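Undergrad: Would you mind keeping the following structure in view while I ask a few things?
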Amino acid sequence: MNTPADCKAILANISAYLDGELDSTACEAIDRHCQACPTCAALVNGLRDTIGLCREAASLPLPESVRQRAQDSVRHLLNRELRKG
Ligand SMILES: [Zn+2]
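Numbering (numbering that gives the first Met the number 0), first residue to last: 0 to 84.
Pasting the structure below:
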């Protein structure tokens, strides 16, 4: 069962990932959450296509434009979740 608070935590983790700070424990938490949360699953799937979320991940620096775009989508969703609640 997911709550908006869970989503906020996940989105904050994704944000940390974009800063190169996400570890494998956080990746697993995201995976688990996404199995029950279509909103976050859609976001993560989109980011995974774009930047390879949770794969070889943090070792690879992201091109600035990709990183910027990904951060924008995370921020957008995060704001939406915050307004919800
Ligand atoms: Zn969620």
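For glycine and all other residues, C-beta sits at the position ideal for the given N, C-alpha and C.
All values derive from a computational prediction rather than experimental measurement.
Would you mind giving the Cβ-Cβ distance between Asn12 and Ala28, rounded to the nearest angstrom? I have them listed as a contact below 8 angstroms.
TA: About 7 angstroms separates the two Cβ atoms, so the contact holds.
Undergrad: Taking DSSP as the reference, what is the three-state secondary structure of Leu42?
TA: Looking at Leu42 - three-state DSSP - the assignment turns out to be helix.
Undergrad: The alpha helix (DSSP H) spanning Asn1 covers which residue range?
TA: Element bounds for Asn1: n/a, residue is neither H nor E.
Undergrad: On the criterion of 16 or more Cβ atoms from any shown chain inside 10 Å, does Leu42 qualify as buried, or is it exposed?
TA: The residue in question, Leu42, is buried, as its Cβ has 16 or more Cβ neighbours within 10 Å.
Undergrad: Give the single residue among Thr38, Ala15, Ala40 whose Cα lies nearest to the Cα of Gln70.
TA: Ranking Thr38, Ala15, Ala40 by Cα distance to Gln70 puts Ala15 first.
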